[in-house]
Amino acid sequence: MSSMVAEKLAPAGADIKLQKQVLTNFKGLKSFALDARGGNINIYGDNATGKTTLYDAFLWLFFDKDSSNRTAFNVKTLDRTGEAIHMLEHTVEAELVVNHRAMTMKKTMSEKWTKRRGESQKIFNGHETLYWVDEVPVKAGEYKQIVAGLISEGLFRLITNPMFFNVDLPWKDRRKTLLEICGDVSDDEVIASNEKLRKLAEVLNGKGIDDYKKIAAEKIKSLKEEKEKISPRVDELNRTLEGEEPDYDLTERQLVDAKASMERIEKQMVSASEINAEYRKKQAQLNGLHSDLNKKRAELDRQANAGRNALVAQERDLTRTFADLSSEISILESRQKLIQQEIDANTEKLNALREEWQVLKSQTFTVPGADQLTCLYCGQELPADQREEKITKAQNDFEAKKQQAINKNVASGKALKTKNEELAGQLAVLEQHIGEKQAAKNDTQVQLDAVKAKLDEPHETASVENHPEYIAIQTLIDTLQAELDQPGEDATTGLLEQKREVTREIEALNRILNNKDVRAKTTARIQELHDEEMRLAEQISDFEGHQFLMEEFVKAKVNMLEEQINSRFRMVTFKLFNTQINGGIEECCEALINGVPFSDANNAARINAGLDIINTLTQHYGVSAPVFIDNAEAVNELLPIDSQVIRLIVSKDEALRVEMEA
């Protein structure tokens, strides 16, 4: 790059003024010179006379694009059939003042025609674009570098087109630009601004809001999935306990009897030859005494533990009931919080609508000034009857728009009031249900505490061996056993078969008793699952509470951001979030003009809103460039800005007419 060209790279904070722009064979303008002299100008002309072409040419000179952001647009002049006129050079040249220094930029696109050897006619062989800066020829790469040194394409479009920011720029990029201009609000600042959010710092534990939102949502999802798996598992375990439970006490007594029979048989088999009739009688008596002894032991044990076993069963049932009621209350309270949040949000909106209504009602009509009551063509003051007619029409338009805004305000207020009444009804029903559930829970807690207190009371274990009846039976057994231990006569035949039968009986009884442990473990596992279900419900409630805190955080942060951003603009405010039906927050970025969305405002308000935004952008970035306002006839009074303004006005002029503003 030559040193001469390098000197033209403007420093950051460029102030660009258009002195003159000359178009040659550009989009139907054969030759046109726009003498702007660095000031504000008005360009008049009928439709299709080339007003927008002037802005297209300015953009093409810098960035090879038109006002619709297209690179594939037709620069050439067309004939009446719509075909390009060949052999023409299409040129745009601009005289600029950049930071009080003169600068000239020029670009020419022409067709390349070549004649091959042996042929008489030239053939079209593409296009060629040439560039000059201060009359010095430069290459395309150098030219683009010089332009980039002046201003970036994105910023250039933002500060030269009042509609670009709100119409062409995606809302996420608008939001990003606003945050870049006005600065973001830190999470710590938001938390410190609201006492209710102080707990959020502990919840986040160093994590960002967006990250913890994902964590909480994932935790709730996984906990709910885990909780939903418990009921089928409990049902499956309960099915294994179906059927009548055996009388294990009876089974144990039968087993004792069977073992006693086995002992008798084995002894008879050992000394069968010595057993006589007296021996058999005593043996039978001994077996009977053993049976009586086992029955007495079982009876005394059952009497001693009957009351405590009933209390244990009652405690288990009350604990399960208490857990179910706690889970139901937690769910109802979560719904109650969400409804109350929506009521509070609607109430805030109603208050805002009431304030807006007062402002609308207080608005009065302002009679147009004398400069607005002149003829558009000759500039002379209108006759009295035409002035009166114009004033009356302006007043009628004002009153109609005012009443329309009031009607819209009232309709919105009624809708919000009706919605709050519906929500209040839902809230009353929830409060009644919560009260009923809480009363039942409190009653269950009282019963549970009473049962636990009884279980905690010391109890004595019955001493079976010291019971008089037990001692008497045991004494007889000892006496008979001593006698039977003396040698006797041979036992009768059949002892072996008796042993086989008693063995089968003992095995069957043992199988029944073994199932007792299985049932006890199954019952304990069911209780563990119920406890786990209650623990999961509490964890879900905790994370849902965290989600509520994060939603409150986002609301607080957005309110702070909106206040900080809106303070930078004169007439425009920005809405940065929407409240969803479920109470959640959805990010957005929409410009509001006196509370009316940009997309719903009239063209004059939209243009002035764009100028307001351009003014803030130029002040922030320290750079300005000519602002082209298309359809400027729609605006009676433009918002004053620091940039050069070029108004493109539809008129009856058949050719472009340029006027300098005073």
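So that you can map any letter, position 72 of the sequence shown is 79 in the numbering used here, and since no number is skipped, the others follow by simple counting.
Just so it is clear, CB atoms sit at the ideal spot from N, CA and C, and this is done for glycine as well.
Annotation: T258 to D299 spans about 15 angstroms, alpha carbon to alpha carbon.
Between A616 and I600, the beta carbon gap of about 5 angstroms places them in contact (Cβ cut-off 8 angstroms). For P144, the enclosing beta strand (DSSP E) covers residues 143-145.
Spanning the alpha carbons of I656 and G148 requires a straight line of approximately 36 angstroms. Remark: C-beta atoms of L503 and E322 do not approach each other more closely than 8 angstroms. Within its own chain, the residues whose Cβ lies closer than 6 angstroms to the Cβ of E160, once the five positions on either side in sequence are excluded, are F70, listed in chain order. As the crow flies, the alpha-carbon of N622 is around 11 angstroms from that of Q651. Ranked by Cα distance from S369, the options E594, G156, A199, F405 are led by F405. Every beta strand (DSSP E) of 3 residues or more that sits fully in the segment 541-598 is shown, in chain order, as 579-586.
Three or more Cβ pairs drawn from the segment 344-356 and the segment 429-438 lie within less than 8 angstroms of each other, which places the two stretches in contact. It is roughly 22 angstroms from the alpha-carbon of N106 to the alpha-carbon of L618.
The alpha carbon of S117 has as its nearest neighbour, out of T98, L367, E126, A608, the alpha carbon of T98.
In the displayed model, P375 falls within coil according to three-state DSSP, outside both helix and strand.
Sequence-distant Cβ neighbours of K448 in its own chain, meaning closer than 6 angstroms and more than five residues away, are L332. S117 carries a strand assignment under DSSP once its states are collapsed to helix, strand and coil. Runs of the beta strand (DSSP E) spanning 3 or more residues and lying entirely within the segment 350-427 do not occur at all.
In the DSSP assignment, F131 falls within the unbroken beta strand (DSSP E) covering 130-140. One alpha carbon belongs to R304, the other to A267, and they sit about 15 angstroms apart.
The segment 211-218 makes no contact with the segment 573-588: fewer than 3 CB pairs, one atom from each, lie closer than 8 angstroms. For L296 against L487, the beta-carbon gap comes to about 7 angstroms, under 8 angstroms, which counts as contact. The beta carbon of R577 sits closer than 8 angstroms to those of D619, N622, L646, all from its chain and outside the five residues before and after it, given in chain order.
Annotation for A616: no beta strand (DSSP E) segment contains it, though the alpha helix (DSSP H) segment containing it runs 610-628. Residue environment for Q128: exposed (fewer than 16 other C-beta atoms within 10 angstroms of its C-beta). In this chain, the alpha helix (DSSP H) harbouring K234 covers 216-235. DSSP places M667 in the uninterrupted beta strand (DSSP E) bounded by 664-667. The three-state reading of DSSP puts P253 in coil, since its state is none of H, G, I, E or B. Around the CB of M94, fewer than 16 other CB atoms lie within 10 Å, so the residue is classed as exposed. Per the coordinates, the alpha-carbon of I547 lies some 12 angstroms from the alpha-carbon of F555.
Taking the CA atoms as reference points, E340 sits about 19 angstroms from A224. By a beta-carbon distance limit of 8 angstroms, L103 does not contact Q152. Their separation comes to about 17 angstroms.
Exclusion of the five residues before and after T328 leaves T451 as the residues of its chain whose Cβ lies within less than 7 angstroms of its Cβ. In the DSSP annotation of this structure, the continuous segment of the beta strand (DSSP E) that includes F33 starts and ends at 23-33.
Its Cα nearest to that of L516, the residue Q261 stands out among K58, Q261, K83, K236. Judged by DSSP secondary structure, F635 falls within the beta strand (DSSP E) whose first and last residues are 634-636. By a beta-carbon distance limit of 8 angstroms, V458 contacts L318. Their separation comes to about 6 angstroms. Ranked by Cα distance from L483, the first of E597, L293, N521, A359 is L293.
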